[in-house]
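Protein chains in written order, with the working numbering: chain R, 1 to 256; chain H, 257 to 512; chain X, 513 to 768.
Glycine included, C-beta positions come from ideal geometry on N, C-alpha and C.
Take a look at the structure below.
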Amino acid sequence: MPTTFPQRKIITLLTDFGSIYPSQMKGVILSRLSDVALVDIAHDIPAQNIRAGAFALMTTVRYFPKGTIHLAVVDPGVGTKRRGIAVQSGGHVFVGPDNGLLIPAARSLGVPKVRMISQKFEASFTFHGRDIFAPMAATLAEGESFENIGPRVDPVELDFGKPHHSDKGIESRVIFVDHFGNLILNLAEVPEGDLKLKDRHLKRVRTYAEAKGIEPLITIGSHGFAEIAVNQGSAADVFGLAPGDLIVLERANCSE
Amino acid sequence: MPTTFPQRKIITLLTDFGSIYPSQMKGVILSRLSDVALVDIAHDIPAQNIRAGAFALMTTVRYFPKGTIHLAVVDPGVGTKRRGIAVQSGGHVFVGPDNGLLIPAARSLGVPKVRMISQKFEASFTFHGRDIFAPMAATLAEGESFENIGPRVDPVELDFGKPHHSDKGIESRVIFVDHFGNLILNLAEVPEGDLKLKDRHLKRVRTYAEAKGIEPLITIGSHGFAEIAVNQGSAADVFGLAPGDLIVLERANCSE
Amino acid sequence: MPTTFPQRKIITLLTDFGSIYPSQMKGVILSRLSDVALVDIAHDIPAQNIRAGAFALMTTVRYFPKGTIHLAVVDPGVGTKRRGIAVQSGGHVFVGPDNGLLIPAARSLGVPKVRMISQKFEASFTFHGRDIFAPMAATLAEGESFENIGPRVDPVELDFGKPHHSDKGIESRVIFVDHFGNLILNLAEVPEGDLKLKDRHLKRVRTYAEAKGIEPLITIGSHGFAEIAVNQGSAADVFGLAPGDLIVLERANCSE
Numbered sequence: 001m002p003t004t005f006p007q008r009k010i011i012t013l014l015t016d017f018g019s020i021y022p023s024q025m026k027g028v029i030l031s032r033l034s035d036v037a038l039v040d041i042a043h044d045i046p047a048q049n050i051r052a053g054a055f056a057l058m059t060t061v062r063y064f065p066k067g068t069i070h071l072a073v074v075d076p077g078v079g080t081k082r083r084g085i086a087v088q089s090g091g092h093v094f095v096g097p098d099n100g101l102l103i104p105a106a107r108s109l110g111v112p113k114v115r116m117i118s119q120k121f122e123a124s125f126t127f128h129g130r131d132i133f134a135p136m137a138a139t140l141a142e143g144e145s146f147e148n149i150g151p152r153v154d155p156v157e158l159d160f161g162k163p164h165h166s167d168k169g170i171e172s173r174v175i176f177v178d179h180f181g182n183l184i185l186n187l188a189e190v191p192e193g194d195l196k197l198k199d200r201h202l203k204r205v206r207t208y209a210e211a212k213g214i215e216p217l218i219t220i221g222s223h224g225f226a227e228i229a230v231n232q233g234s235a236a237d238v239f240g241l242a243p244g245d246l247i248v249l250e251r252a253n254c255s256e
Numbered sequence: 257m258p259t260t261f262p263q264r265k266i267i268t269l270l271t272d273f274g275s276i277y278p279s280q281m282k283g284v285i286l287s288r289l290s291d292v293a294l295v296d297i298a299h300d301i302p303a304q305n306i307r308a309g310a311f312a313l314m315t316t317v318r319y320f321p322k323g324t325i326h327l328a329v330v331d332p333g334v335g336t337k338r339r340g341i342a343v344q345s346g347g348h349v350f351v352g353p354d355n356g357l358l359i360p361a362a363r364s365l366g367v368p369k370v371r372m373i374s375q376k377f378e379a380s381f382t383f384h385g386r387d388i389f390a391p392m393a394a395t396l397a398e399g400e401s402f403e404n405i406g407p408r409v410d411p412v413e414l415d416f417g418k419p420h421h422s423d424k425g426i427e428s429r430v431i432f433v434d435h436f437g438n439l440i441l442n443l444a445e446v447p448e449g450d451l452k453l454k455d456r457h458l459k460r461v462r463t464y465a466e467a468k469g470i471e472p473l474i475t476i477g478s479h480g481f482a483e484i485a486v487n488q489g490s491a492a493d494v495f496g497l498a499p500g501d502l503i504v505l506e507r508a509n510c511s512e
Numbered sequence: 513m514p515t516t517f518p519q520r521k522i523i524t525l526l527t528d529f530g531s532i533y534p535s536q537m538k539g540v541i542l543s544r545l546s547d548v549a550l551v552d553i554a555h556d557i558p559a560q561n562i563r564a565g566a567f568a569l570m571t572t573v574r575y576f577p578k579g580t581i582h583l584a585v586v587d588p589g590v591g592t593k594r595r596g597i598a599v600q601s602g603g604h605v606f607v608g609p610d611n612g613l614l615i616p617a618a619r620s621l622g623v624p625k626v627r628m629i630s631q632k633f634e635a636s637f638t639f640h641g642r643d644i645f646a647p648m649a650a651t652l653a654e655g656e657s658f659e660n661i662g663p664r665v666d667p668v669e670l671d672f673g674k675p676h677h678s679d680k681g682i683e684s685r686v687i688f689v690d691h692f693g694n695l696i697l698n699l700a701e702v703p704e705g706d707l708k709l710k711d712r713h714l715k716r717v718r719t720y721a722e723a724k725g726i727e728p729l730i731t732i733g734s735h736g737f738a739e740i741a742v743n744q745g746s747a748a749d750v751f752g753l754a755p756g757d758l759i760v761l762e763r764a765n766c767s768e
């Protein structure tokens, strides 16, 4: 895990905005701070899906050096009384809405300190990402003290739930579907031996290439969570599953 | 609106090229000028849709600082006699085809000065974005005088039309559909009170969160234009509308 | 073709990863090297399609200056014994899996020198792009000697095949389908006169605008390969063709 503190500031961006709108956030940042590395994490988070955005952020921030500022906006409550927050954790800073989006990532790096954004920015009713969070991130990158952002607050929490072990097997939830259609579960350990999902066999592997042809497989992905994949295919399509769905992983009978 | 003049040059890119081709334009720029911030506005403009590209550019450039160069290429006439132009307006510079694409953005920042690109570059017949406009943008970023580009010309104009107020209601045109399926209209003001579209009620709101569930709404978007949206859904899908379509907004009867 | 050697290092990225994962590679690079220009070539290469990735890389690298490092990962064999390699050619460096992906691009710039990556990095079983190739690219950008990477090896080769001229016409293969649905063929020269594909006339043009309406056309694209396109439409959809498909181009009868 990187520990250097680069001289050039890094601001990452994660949104559900698609194109165009992220560039407006970048314009706002570059108007205040020209020598910054802007890195897109993703702008194709499923619309208004806070949990999917939180997962993507949590699995990514550990690869960035201390000092990085993460600007994340999946914000169904924009224009309501939901607060804006900045979070400090493990030497990183997070800026975004107070709806849980930032919390799993911040907790993955350390013990978060949270401030409400009480500085005033001229803001539209529909786009705080550009009008409040982007200038706040730029201001922090310019060296603004974290204490000046606003008062300490307790943030809205969010987690991915826990798997439940029962007679039927492991009840787990799909928390993310990636670009390949791989299903990522809220499950950090997979028991030895093969498993079944919806009456189909899941081969327990360490690497995709261990599965033959289009055989479904289960592995621990590089993000540290269990992942169901279909080589050269989409597990989301094969199993008809989407983020949020509950599944039951059954033990496969060895005689099969 | 930003007024600083950053030391590091910024070049934005907007095209309908998808992936790969924009990186070739960036390679050409970075071959001439290594210390530049390259910012993608969008590369998923609907193919050859000049009006959609012009709208995206117009709503975005105001967030960039003076001195920014905007390289925009939606270019159905590439390889014909359509001219290439550079446009100066409000301290920004635009480079691209003379087909109207740059004009609404340039007019939104000031009174445009337009020059035809008469400098010679070695060009393919099919990709002026890479072979002419990218090196032209890099040359301008390196400090080339705007007057040296070529002679003054009157550019091809483009606007988004005006809404028409009639007995039936407000006749307006869809000029853009964004990533969320929101319909953006050529309408800068929405009358008080709710409206109807295709016999469905549109709630007049200031912010998406004021609408309940999947209720269709109309608001003035952060770009300053009227926008029809469906919370947690796609208005484009719900109403079956696409860029260019004419619609009639009727006043909703209060007794409904 | 650019010949300058920029002071600021450039690293390009090409993968089939979609979003999120490329940003993790960038985080790893920026943790080691903050002043670098990171340029995305494409992250939407069809999943595990080495040939499509190789084509995209080959047609793009020539637009970047000497000294550029190209980090490319389309890697169905990750976690198996397939080697990782670095390739030096024409003043550029390539880093990625030894599965042919890098070879056409490297050959397009000169005579490749190939080293196996034997330096040790802490690696997951499923994501060498982030865990091995990204730190290797950053290490090279920091000035690591190419000779220190590991021993010389003969790489896995890949080419796009040759067209076959027969009585029926020219038998050629679709090697890539671009964002517009244009079909790119393994054919560098197109004979004079019009052609037919699947009984439909292909107008031989120098530029798309020479074709009328939705008339199918064939031209030499800016990448130097024959390209079948349909103005304002998708040739891939019109002809029902995908990467890898074999086609026969017949001479059109002049009396038609």
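Closest Cβ-Cβ distance between Gln-25 of chain R and chain H: below 9 Å? First, the amino acid is wrong: residue 25 of chain R is Met here, not Gln. Yes, because at least one Cβ of chain H sits closer than 9 Å to the Cβ of Met-25 of chain R.
Which term fits Arg-8 of chain R, buried or exposed, when burial requires 16 or more other beta carbons within 10 angstroms of its beta carbon? exposed
Length-filtered (4 minimum) alpha helix (DSSP H) runs lying within the region 447-503 of chain H: 491-495
Please tell me whether Ile-10 of chain R has its Cβ less than 9 Å away from any Cβ of chain X. yes
Taking the C-alpha atoms as reference points, what is the distance between Lys-337 of chain H and Ala-444 of chain H? 35 Å
9 Å is my cut-off, CB to CB: does Val-190 of chain R come that close to chain X? no
Would you say Tyr-319 of chain H reaches chain R, if we count a Cβ-Cβ gap shorter than 9 Å as a contact? yes
Using a Cβ-Cβ distance cut-off of 9 Å, determine whether Asp-434 of chain H contacts chain R. yes
Could you check the C-alpha separation between Asp-44 of chain R and Ile-10 of chain R for me, to the nearest Å? 21 Å
Please report the Cβ distance between Ala-137 of chain R and Leu-57 of chain R, rounded to the nearest whole angstrom; I am assuming they are in contact, meaning their Cβ atoms lie under 8 Å. Incorrect: roughly 14 Å between the Cβ atoms, too far for contact.
Quick check on Arg-574 of chain X: does DSSP put it in helix, strand or coil? helix
At what residues does the beta strand (DSSP E) containing Arg-429 of chain H begin and finish? 426-433
Under 7 Å between beta-carbons, which chain H residues line up against Ala-47 of chain R? List them in chain order, please. Phe-436
Which term fits Asn-99 of chain R, buried or exposed, when burial requires 16 or more other beta carbons within 10 angstroms of its beta carbon? buried
Reduced DSSP category for Arg-520 of chain X - H, G, I as helix; E, B as strand; rest coil: coil
Apart from the five residues just before and just after Ala-748 of chain X, which ones in its own chain have a Cβ nearer than 8 Å to its Cβ? Val-689, Gly-693, Asn-694, Leu-695, Ala-754
Looking at chain X, which residues of the region 379-391 of chain H have a Cβ within less than 8 Å of any of its Cβ atoms? Ser-380, Phe-381, Thr-382, Phe-383, Arg-386, Asp-387
Tell me which residues share the same chain as Thr-395 of chain H and place their Cβ nearer than 8 Å to its Cβ, disregarding the 5 neighbours each side in the sequence. Arg-288, Gln-375
Asp-44 of chain R CB to nearest chain X CB: under 9 Å? yes
Whose C-alpha, out of H:Arg-429, H:Val-317, H:Val-412, H:Glu-413, is nearest the C-alpha of His-420 of chain H? H:Arg-429
Looking at chain H, which residues of the region 537-552 of chain X have a Cβ within less than 7 Å of any of its Cβ atoms? Ala-549, Val-551, Asp-552
Indicate whether the contact test is met: 3 or more Cβ pairs, each with one atom in the region 215-222 of chain R and one in the region 142-152 of chain R, closer than 8 Å. no
With DSSP as the reference, identify every bridge partner of His-165 of chain R, one or two as the case may be. R:Ile-170
Threshold first: 4 residues or longer. Then list the alpha helix (DSSP H) segments lying entirely within the region 315-363 of chain H, N to C. none
At which residues does the beta strand (DSSP E) containing Ala-298 of chain H begin and terminate? 292-298
Coarse secondary structure for Lys-632 of chain X, derived from DSSP in three states: coil
Roughly how far, in whole angstroms, is the beta-carbon of Thr-12 of chain R from the beta-carbon of Ser-620 of chain X, given that I think they are within contact range, below 8 Å? Going by Cβ atoms, the distance from Thr-12 of chain R to Ser-620 of chain X rounds to 33 Å, so no, they are not a contact pair.
May I ask you to report which of helix, strand or coil DSSP gives Glu-147 of chain R? helix
Proximity of Gly-449 of chain H and Arg-462 of chain H at Cβ, strictly below 9 Å: no
Alpha carbon to alpha carbon, how far is Ile-581 of chain X from Val-504 of chain H? 54 Å
For the alpha helix (DSSP H) holding Ile-285 of chain H, just list the boundary residues, first then last. 277-288
For the region 193-207 of chain R, which residues have a CB atom closer than 7 Å to at least one CB atom of chain X, in sequence order? Arg-206, Thr-207
Phe-273 of chain H touches chain X at which residues, Cβ-Cβ below 8 Å? His-691
Just the Cα atoms here: how many angstroms apart are Phe-606 of chain X and Asn-698 of chain X? 23 Å
Let me know the secondary structure DSSP gives Ile-301 of chain H once reduced to three states. coil
Sorry if obvious, but does the Cβ on Val-292 of chain H come closer than 8 Å to a heavy atom of the ligand COA? Here there are no bound small molecules, and the ligand COA is not part of this structure.
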